[in-house]
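Keeping their order, the protein sequence lines are chains D and G. Take any residue in the first sequence, count from 1 to its spot, add 526: that is its number in this note's numbering. Take any residue in the second sequence, count from 1 to its spot, add 980: that is its number in this note's numbering. By construction, the Cβ of each residue, glycine as well, lies at the ideal position given by its N, Cα and C atoms.
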Amino acid sequence: MSPRAPEGARAPGGARGEEGASASWCTGAGEGAGAGERARAPEGTGAGEGARTPEGARASDGASAREYVLEVEGLTRHYGEREALSGVSVSLREGRTLVVFGPNGAGKTTLLRILAGLLRPHGGSVRVLGASLPQEAFAVRGRIGLLGHDPLLYRDLTARENLHFHARLHGTPETRVQEVLEAVAMSRRCNEPLRTLSRGMVQRVAAARAVLHEPRLLLLDEPHANLDPAAIELLAPLIGAESGLTRVICSHDPAGGLAQADVVLGLREGRMVLLGAADGLDVVAISELYR
Amino acid sequence: MRRTVPALLRKELLVELRTLESVPGMSLFSLSTFVVFHFALNRSSTEGDLAAGILWVTLLFAAIIGVNRLFVVDEDQGGFDGFLLAPVDRSALFVAKTLTLLAYLVVLELVAVPAFALLLLGPSLGHALPGLLGVLALGDLGVAVIGTLVAALAVRTRARDLLGPLLALPLFVPIVIGGARATSPLLSSGHSGGPAARWLLTLGLYDLLFGLIAFALFDFLLED
C-alpha cells in the first residue's frame, strides 16, 4: 500500500488522463485536441486520441513506467457486431483512483472485466501491474481485487466457507479470513448461508472477498450498491481512499464518485467522451454524461 | 494443483450437500427408469445383453442430469470469475469437477445397482459384483471426463440444457457399448470368469484418450 502523493506532486500535462491532466471533453478531432481543451463532444462522437498527449509528456513527469499500475492504449472490445469499447486510452499511477462514469451500456463493466483479465481485449494494448494482457494475465492473477455486480460468492455456503475457499485459492493464511470478517462486521453472522443474508451484508462479504488476498489494484463496480451509510463508512478502510490502494471505480454517482477520484474517465457508448484530472471537474460536468 | 483441487472439491461437495440438486435427481431418475422398464418389458427378470443394456443406458441418462448441473452454480453465482481471478492452475478446475462427477456417479450406483438387481435382474448379483465394480469404475471415469468437458462447453451457451445432452450422448456411445459388452457375461445365468478383457481395454483406452483431450482443451474453454 503506497500513500497517496500530495496534490502538489501531480504532473502537469494531459498524458492519457493521468493525474495532473486537466479534464477534456474528447472530440475525436485528432491529436491536436489535447488535454486542457474543454471542447464539448458532439453527440455520438468522441475518441481517446483527442485527449492524449505525446508519449514524451509522461517522461517529463520524471515518473518511470513502473509507477504506472494501469496503461491502456486504444482499447477496443466487441460483443458480436456491437462495439462495447472503442479507442479507450487511460493510465493511472500507483495509489491513485480512476473513476469511470457513464450511462448504462457505456462499457464501464466491460472495461473493468478486461482490466481484471476476465475478458480479452480485441484491439489496443492493456498493461496492468506491469503485465501485458491477455498474454501475461497469469502474472496479475491474485494481485487484483474485483468487486463487481456479482458478489462472486456461493449463496448456499456461509460467509466463512466462501472466504475460506477463496483464501485457499489465493494461498492466503486462514487467519486472514477472521481478520476481514471482523473488518466488515460480519463475524457474528459468518456461519449463516449467504442466501439468508441481506444484500448489504452480502456486499460486505464480497468486499471482504475482494481484499482478502491483499491485492495491489482494486477494481470496483458500483461498490456502494446496496450499502447503507454506516456500511460505506465501515468499508472505507478496505476499499475506500483510506486503503491507499490503486483503484478503478465505476460509478453512477457524480458527486460521490468525483469526491473519490484523482482521474476521471467518461464513457458513452463505449467511447471516451471525458478524460482528465478530477480537480478540474465539477458535478455538473459529470452529470452531462448522463444526458 | 495440490492446494487447489481439494479446495474446489470440498466446495463442490458442500454446495451439493446444501442444495441436493444433482445426486438425488440422478438417483430418482434411475429408480423411475428401472420401474418403467420393469413394466414396459412386462418381466421381472432379465439377464445377459438385455440386463447389461438396461443398466448402462439408465446409468448414462441419469449421469446426464449431473453433467447438466455440473457448472451451473459456478456460472450463475460467479464461481468462474472467482476462480479465474486466483493465481491457480486452471486444470485444477477440470480435475476437481471430474472427481466431483465421479463421486456423484458412485453414489448414484450405490442406489441404482441394488435397485436394478431387485427389480430387473434374474441371476444373483453376488457373484458378478467384483467384476461389475471394475467395469463400472472404468465406465464412470469415462463419463466423468467426457461429462466435465461437455458441461464446460455447454454451460456458457444459452441452450445449455439442450446442448449438454446433445454433445454428451454421442460421446458416451462407446462407453455404453464397452460397458454393456463387458457387463453382459457377468449378468448371464451360470456365468464364470470375469468381464471380457478386450472391452475393459477398450474402455480404458477411451478414458485415456478423452482424459488427454479434455486436459488439453479445458483451459481454452474457460477463456471468454
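Annotated three-state conformation of G/Ala1134 is helix, per DSSP. Look at D/Tyr680: its C-beta is under 7 Å from a C-beta on chain G. Across the structure, G/Ala1124 and D/Val799 are spaced so that their CA atoms are roughly 50 Å apart. Collapsing the DSSP output to three states places G/Glu992 in a helix. In this structure, G/Thr1026 lies near G/Leu1100, with their beta-carbon atoms less than 7 Å apart.
Within chain D, no C-beta atom comes less than 8 Å from the C-beta of G/Gly1046; the nearest is roughly 17 Å away. Here G/Ser1024 carries a coil assignment [DSSP, helix/strand/coil]. In the DSSP annotation of this structure, the continuous segment of the beta strand (DSSP E) that includes D/Val799 starts and ends at Arg797 to Ala803. Look at the beta carbons and you see the region 662 to 669 of chain D not touching the region 1028 to 1039 of chain G: under three pairs across the two are nearer than 8 Å. Beyond the five residues adjoining it in sequence on each side, G/Leu1011 comes within less than 6 Å, by CB distance, of Ala1095 in the same chain, given in chain order. Straight-line measurement puts the Cα of D/Glu620 at about 6 Å from the Cα of D/Glu593. Counting C-beta pairs with one atom in each stretch, the region 1080 to 1091 of chain G and the region 1160 to 1168 of chain G have fewer than three that are closer than 8 Å, which means they do not touch.
Taking the beta carbon of G/Arg983 as reference, the chain D residues within 9 Å of it are Arg694, Leu695 and Gly697, listed in sequence order. Among the residues of the region 619 to 642 of chain D, those with a Cβ less than 7 Å away from any Cβ of chain G are Ala642, in the order of the chain. In the same chain as D/Gly796, and ignoring 5 residues on each side of it, the C-beta atoms closer than 6 Å to its own belong to Glu609, Ala610, Leu611, Ser612 and Gly633, in chain order.
Excluding residues up to 5 positions away in sequence, Leu707 lie with their Cβ nearer than 6 Å to the Cβ of D/Ser713 in the same chain.
DSSP places D/Gly600 in the uninterrupted beta strand (DSSP E) bounded by Tyr594 to Tyr605.
Under a 10 Å Cβ-count criterion, G/Gln1057 is classified as buried, with 16 or more other Cβ atoms of the shown protein chains found around its own Cβ. Per the coordinates, the alpha-carbon of G/Ile1193 lies some 28 Å from the alpha-carbon of D/His696.
Within chain G, Leu1065 have C-beta atoms less than 8 Å from the C-beta of D/Ile670, given in sequence order. Per DSSP, reduced to three states, the secondary structure at G/Pro1145 is helical. Residues Thr1128, Ala1194, Phe1195 and Phe1198 of the same chain have their beta carbon placed closer than 7 Å to that of G/Phe1074, with the five preceding and five following residues left out of the count. Per the DSSP secondary-structure output, D/Thr772 pairs in a beta bridge with D/Leu743. Between G/Ala1076 and G/Val985 a beta carbon distance of about 5 Å is seen, short of the 8 Å cut, so the two are scored as contacting. Proximity of D/Leu738 to chain G, defined by a Cβ-Cβ separation below 7 Å, is not satisfied. Residue pairing by DSSP places D/Ser777 opposite D/Phe627 in a beta bridge.
When DSSP states are grouped into helix, strand and coil, D/Glu700 belongs to the coil group.
For G/Ala1194, the uninterrupted alpha helix (DSSP H) run begins and ends at Ala1177 to Leu1201, by DSSP. G/Gly1046 counts as buried, since at least 16 other C-beta atoms from the protein chains shown sit within 10 angstroms of its C-beta.
The beta carbon of D/Leu644 falls within 7 Å of a beta carbon belonging to chain G, placing the residue at that interface.
If you compare the alpha carbons of D/Ile670, D/Thr636 and D/Ala732 with that of D/Arg681, the shortest gap goes to D/Ala732.
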